[in-house]
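Trainee: Pasting in a structure now, in structure tokens, and then I'll have a few things to ask.
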RNA sequence: GCUUUUAUCUGUCAAGUAC
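In the numbering used here, the protein residues as written are 885 to 1235.
So this is what it looks like as structure tokens:
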């Protein structure tokens, strides 16, 4: 059974849902016992390709196959509905979970808190956390990580630190994500010194910084208009063989644009980007078009925009809108028209 | 006791701040 379960899991991870279903059929044919993990793995496979209906069907098939559902089964479905914004479905499935007499666990509550947070419903985030504690559930590392992120977004540094302290008090061990979230919290409060302190605490805890750690630190410096500090972080990434990604470059680009970098500075960064094997993305285009249109640098914007498109970037409606508006403002209606055309060719509707 | 299934972190816009 465990062998088959692993197979299903692995097919699911690479998006081969049909093969995963085959495994289940083979188990039935050969009389191999299916258990809760079997179905949970299959449900997870469906959800990974975004097929909620398939996942629900699998959940329902558990009954006829005489396999018990557990909290993991429901958590997976709840998370999928929460992430697709189907709040009514979330509440409906919570009800079904209760009818099925499955108790909510720490993951259930964390999923719910995350859903409320993403919906911007802070009051209910707090309420749900209290409900969880009243239910006798102890928060996990992930729950605390989420709370740190929630408070960071609201710029409530004292609460961030209180959550971090509470973690220690309850002997819940901080992990890489905890420190990344903590560093980001300092970063968002414009406290680079705090961010650097947290970074060194992280090393004390013998955790290895990830690409996200470094990208966050770069952003901390960029927010202070400290490009030199940001570039030092990049040096450390190279030294420690951490790869750079599109986010790394976009963050650097943000800093460069903010301090009014020239077109050639920008092109230089793009070249470095290409050397690292990274193509500009939609966010890259947005960064450039927002900054240059605000600064009235229309011809540079047009040239860079074309260059990014040629390099494979996919501008979105907002990027086009910025460019077209800027062109119209300087009276170049002909060029503006041509971009409206290009926009249609990309399958985007002008607004 | 161990193995297989579900939740959390970084860039644009947003948010926030000011009027």
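Every residue, glycine too, gets a C-beta built ideally from N, C-alpha and C. Given the structure is predicted, the values throughout are model-derived calculations rather than measurements.
Is the segment 980-992 close to the segment 1004-1012, with three or more CB pairs under 8 Å?
Mentor: no
Trainee: Below 8 Å, how does it come out for the segment 1210-1220 and the segment 1181-1198: are there three or more Cβ pairs, yes or no?
Mentor: yes
Trainee: According to DSSP, is residue 1198 helix, strand or coil?
Mentor: If DSSP states are grouped into helix, strand and coil, residue 1198 belongs with coil.
Trainee: Answer yes or no: do residue 926 and residue 904 have a C-beta to C-beta separation smaller than 8 Å?
Mentor: yes
Trainee: Report the residue from 1145, 1194, 908 and 1113 whose alpha carbon sits nearest the alpha carbon of residue 1172.
Mentor: 1145
Trainee: Hey, could you find the ends of the alpha helix (DSSP H) residue 1099 is sitting in?
Mentor: 1095-1107
Trainee: Below 8 Å, how does it come out for the segment 1125-1140 and the segment 1158-1166: are there three or more Cβ pairs, yes or no?
Mentor: yes
Trainee: Give the DSSP-derived three-state secondary structure of residue 1089 in the structure shown.
Mentor: Assigned with DSSP and collapsed to three states, residue 1089 falls in coil, not helix or strand.
Trainee: Could you check where the alpha helix (DSSP H) with residue 974 kicks off and where it finishes?
Mentor: Its alpha helix (DSSP H) spans residues 971-983.
Trainee: Can you check whether the CB of residue 1068 is closer than 8 Å to the CB of residue 1089?
Mentor: no
Trainee: Using a Cβ-Cβ cut-off of 7 Å (strictly less than) and excluding sequence neighbours within five positions of residue 1234, which residues of its own chain qualify?
Mentor: 1224 and 1227
Trainee: To test your reading of the DSSP string, which unbroken alpha helix (DSSP H) runs of 4 or more residues are found completely within the segment 1102-1183?
Mentor: Within the segment 1102-1183, the complete alpha helix (DSSP H) segments of 4 residues or longer fall at 1111-1123, 1130-1142, 1147-1159 and 1166-1178, listed in chain order.
Trainee: Given this structure, state the Cα-to-Cα distance separating residue 934 from residue 970, to the nearest angstrom.
Mentor: Taking the straight line joining both Cα atoms gives about 13 Å.
Trainee: Measure the C-alpha to C-alpha separation of residue 1117 and residue 1071 and round it to an integer number of angstroms.
Mentor: About 14 Å.
Trainee: Which of the three DSSP states is assigned to residue 1067 in this structure?
Mentor: helix
Trainee: Quick check on the DSSP output: the alpha helix (DSSP H) that includes residue 894 runs from which residue to which?
Mentor: Start and end: 886-897.
Trainee: Output yes or no for whether 8 Å exceeds the beta carbon distance between residue 1047 and residue 1060.
Mentor: no
Trainee: Quick check: the Cα distance between residue 1178 and residue 1115, rounded to an integer number of angstroms?
Mentor: 25 Å
Trainee: Please report how far the alpha carbon of residue 900 lies from the alpha carbon of residue 1103, in whole angstroms.
Mentor: One alpha carbon belongs to residue 900, the other to residue 1103, and they sit about 37 Å apart.
Trainee: First and last residue of the alpha helix (DSSP H) that includes residue 920?
Mentor: Per DSSP, residue 920 belongs to the alpha helix (DSSP H) from 920-932.
Trainee: Between the Cα of residue 1101 and those of 1124, 1075 and 1123, spot the shortest distance and give me the residue it belongs to.
Mentor: 1075
Trainee: Could you name the residues of the same chain whose beta carbon sits closer than 7 Å to that of residue 999, not counting the 5 residues immediately before and after it, in chain order?
Mentor: 966 and 974
Trainee: Give the secondary structure of residue 1019 by DSSP, where H, G and I count as helix, E and B as strand, and everything else as coil.
Mentor: When secondary structure is reduced to three states using DSSP, residue 1019 falls in the coil class, being assigned neither helix nor strand.
Trainee: Identify whether residue 1003 lies in helix, strand or coil by the three-state DSSP scheme.
Mentor: coil
Trainee: Near residue 1164, which residues of its chain fall below 6 Å by C-beta distance, leaving aside the five closest residues on each side in sequence?
Mentor: 1192, 1195 and 1197
Trainee: Leaving aside the five residues before and after residue 894 along the sequence, list all residues of the same chain whose C-beta is less than 6 Å from its C-beta, in chain order.
Mentor: none
Trainee: May I ask which residues mark the beginning and end of the alpha helix (DSSP H) holding residue 948?
Mentor: For residue 948, the enclosing alpha helix (DSSP H) has its first and last residue at 936-948.
Trainee: Leaving out five residues on either side along the sequence, give the residues of the same chain with a beta carbon under 7 Å from the beta carbon of residue 949.
Mentor: 918
Trainee: Put residue 1213 into one of helix, strand or coil per three-state DSSP.
Mentor: In the structure shown, residue 1213 sits in a helix (DSSP, three-state: H, G or I).
Trainee: Can you find a heavy atom of the ligand FMN that lies under 7 Å from the Cβ of residue 941?
Mentor: Absence of the ligand FMN from the depicted structure is noted, as is the absence of any ligand whatsoever, leaving it without description.
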